[in-house]
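Numbering (our numbering), first residue to last: 2 to 308.
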């Protein structure tokens, strides 16, 4: 379809953009897109798989320090996990990097084991605790959190906070998690995993509003098949045993759920069930606006939209 020269030029442009985005990602805080543990690990995994430890340093030297996607600790941890040789972490010169390396190994273990009891096999407590932490979310079993030992330094907790947060450490990763116990942090990870599978019922047991809001906002809207299911999720939010559930967070579930459902079913009429009133002003208009963009149909736009 394109001449060979054009194809080559397009390839060069693509590779330049990719390199630039990775090199400068740490300089550009993301305020709209969450990066989950799974995405973080898979992106780094893809980038760094199959290289030796000295190549880790060489490859990562090109990148900005503390880059969200490209970190030395992850490179070493992946090698250590793949080769079943945790001593590779000891090749890192900084103690905090070694700690993070062991913690990331634990995340790989927790991600892949079939029996959470196998987390007790590694020798490093950092690795064991991180394995339980990740296994609780993967297996969606909060009782696994009870295996986590509390007698560790705050380095472990801070590192877990970095991974548990949807943003990286440079842009608020772990904010609000520092003062909580490992077990609380583990339960948050578990509850958010449930939310990502479409169930926010466990979010209500999180007493700290910052973590509870993050849990609610992680709700996977794509699992809902009807507006009734969307409304049921909102009711679950509003009928929480804790009255401090923010009303706006509950209503944001309805808006995002309806928007996702309208997109999935290609049925903009779903937006008409939303009401523009009170704190919910412009919900219907915004939903239609999103559908107008997707369907490229400007007639769906509500020109009463105000911001």
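Where a beta carbon is used, it is the ideal one built from N, C-alpha and C, also for glycine. Small disclaimer: the values here were computed from a predicted structure and weren't measured.
query: Within 7 Å, strictly: CB atoms of residue 100 and residue 127; result: yes
query: Under the three-state DSSP convention, the category residue 129 falls into; result: helix
query: Residue of 240, 226 and 132 minimising C-alpha distance to residue 261; result: 226
query: Span separating the alpha-carbon of residue 133 from that of residue 102; result: 16 Å
query: Neighbour flag for residue 130 against chain C, beta carbons, 7 Å; result: The structure shown contains no chain C, having only a single protein chain.
query: Burial state of residue 84 (16 or more Cβ within 10 Å); result: exposed
query: Beta-carbon contacts of residue 189 that lie in its chain and below 7 Å, excluding the five residues immediately before and after; result: 165, 207, 212 and 216
query: Cβ-Cβ separation, residue 143 to residue 191 (assumed contact under 8 Å), whole Å; result: 5 Å
query: Neighbourhood of residue 263 by C-beta, 7 Å cutoff - its chain only, sequence neighbours within 5 removed; result: 269, 271, 272, 288 and 292
query: Backbone CA spacing between residue 139 and residue 204 [nearest angstrom]; result: 16 Å
query: Straight-line gap, residue 73 to residue 200 (C-alpha atoms, nearest Å); result: 35 Å
query: Which of helix, strand or coil DSSP assigns to residue 201; result: coil
query: Sequence-distant residues of the same chain with beta carbon closer than 8 Å to residue 299, five excluded per side; result: 293
query: Which listed residue (266, 296, 256 and 295) has its alpha carbon closest to that of residue 285; result: 256
query: For residue 210 and residue 228, the rounded distance between their alpha carbons; result: 27 Å
query: Spatial distance of residue 122 from residue 110 (CA atoms); result: 10 Å
query: Coil, strand or helix - residue 142 by DSSP; result: coil
query: Rounded Cβ spacing between residue 118 and residue 150 (contact assumed at less than 8 Å); result: 15 Å between Cβ atoms; not a contact.
query: Selection from 135, 78 and 259 that minimises the alpha carbon distance to residue 1; result: Here the chain covers residues 2 to 308 and nothing more, so residue 1 does not appear.
query: Residue nearest to residue 233 in terms of C-alpha spacing, selected from 202, 214, 76 and 218; result: 202
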